[in-house]
Amino acid sequence: MRTRKLELNCPVCQSGAVFYTCTPTCCFNHVCNDCGATFEPVSRVLGATIKGVLPPEPGPEAGDPTVACGRCESTSVYLLGDGRPVCADCGSLLELEYTEIARNIAED
1 MRTRKLELNC
11 PVCQSGAVFY
21 TCTPTCCFNH
31 VCNDCGATFE
41 PVSRVLGATI
51 KGVLPPEPGP
61 EAGDPTVACG
71 RCESTSVYLL
81 GDGRPVCADC
91 GSLLELEYTE
101 IARNIAED
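Residue numbers (our numbering): 1 to 108.
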């Protein structure tokens, strides 16, 4: 089952212009290019497993949004055709949540 790159919307302004600014060995800090807010996504396992998950082509670039799988901690988390996040490594169907949300105080 082919997937597409992970897409995240800013939890402050809902913009899709979000980029990843760190490395998985540190944190999952993302920044909104429109309002400057920062946040960290986390994933929770929903219980279902999907077999035959294939990464998107082309694959994500270093600054594209990413999150660790709540089961196996892989960063091979992509979107199914219906927009549900799934881990390509273990097949876990996931739910995303945003944490560490910080508004750009210059915007307030």
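Where is the CB? At the ideal position from N, CA and C, for every residue including glycine.
| Check | Outcome |
| --- | --- |
| C-beta contact flag for V45 and E97 at 8 Å | no |
| Burial state of A88 (16 or more Cβ within 10 Å) | buried |
| Local Cβ density within 10 Å of C27, reported as buried at 16 or more and exposed below that | exposed |
| C-alpha gap between D108 and I101, whole angstroms | For D108, the pLDDT reaches just 49, beneath the cut-off of 50, and the residue's location in the model is therefore unreliable, although a value from the coordinates is still provided. Distance between the alpha carbons of D108 and I101 is about 14 Å. |
| Inter-residue Cα distance where the pair is E40 and G59 | 21 Å |
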